[in-house]
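Heads up: the sequence shown begins at 1 in UniProt numbering, then just goes up one per residue.
Backbone N, C-alpha and C define an ideal beta-carbon position, used for all residues, glycine too.
Predicted, not measured: the structure shown is a model, and the values here were computed from it.
Report on the structure given below.
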Amino acid sequence: MDVNLEKESTMIKERIIIGFILLALVAFPTTLLAVPSGKSITWEDGDQGVVKFEGREHAEKGYICESCHRSLFQEKKGAAKMTMALLNQGKFCGACHNGNIAFSTSNPKKCHECHKTRNKHHDKKNKHHD
Numbered sequence: 001m002d003v004n005l006e007k008e009s010t011m012i013k014e015r016i017i018i019g020f021i022l023l024a025l026v027a028f029p030t031t032l033l034a035v036p037s038g039k040s041i042t043w044e045d046g047d048q049g050v051v052k053f054e055g056r057e058h059a060e061k062g063y064i065c066e067s068c069h070r071s072l073f074q075e076k077k078g079a080a081k082m083t084m085a086l087l088n089q090g091k092f093c094g095a096c097h098n099g100n101i102a103f104s105t106s107n108p109k110k111c112h113e114c115h116k117t118r119n120k121h122h123d124k125k126n127k128h129h130d
């Protein structure tokens with residue numbers, strides 16, 4: 001096969017792949033984010049107060065679902081049995097929140113970033129919120 005023809009064929013394939021990726025980004029932008037824009041996940045059943053995960057903040061930094069799921073978290077509700085001890089050992093959120101990539105889970109000045117004051121009138125647990 002002619003070398004130029006082979007290069008041209010490769011370039012066409014690359015453009016098609018890039019086109020599909022761009023189409024997916026335009027057609028399904030919220031499915032590619034860590035948690036869809038404007039959504040959060042709240043855990044209220046632990047002994048550390050209400051813990052809130054803001055998908056928007058993580059997505060703005062370029063993280064997508066696969067950045068954490070499957071490698072750090074299973075995609076099954078309730079499967080992650082997180083404790084501060086495990087986070088401080090680099091498990092779950094602690095894999096990135098180690099003081100190098102993001103603020104450390106063991107930094108007492110940063111607790112409020114994730115741990116919120118418990119709201120007595122709000123009884124939903126582990127729910128997605130708008």
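Secondary structure note for E57: its alpha helix (DSSP H) is the uninterrupted segment G55 to E60. Between the alpha carbons of T10 and V3 lies a gap of roughly 11 Å. Cα atoms of T105 and K77: separation of roughly 22 Å, rounded to the nearest angstrom. Each residue's CA atom was taken as its position, placing K110 and S71 some 25 Å apart. Residue pairing from DSSP places K116 in a beta bridge opposite V50.
By the neighbour-count criterion, in which 16 or more other beta carbons inside 10 Å mark a residue as buried, A59 falls on the buried side.
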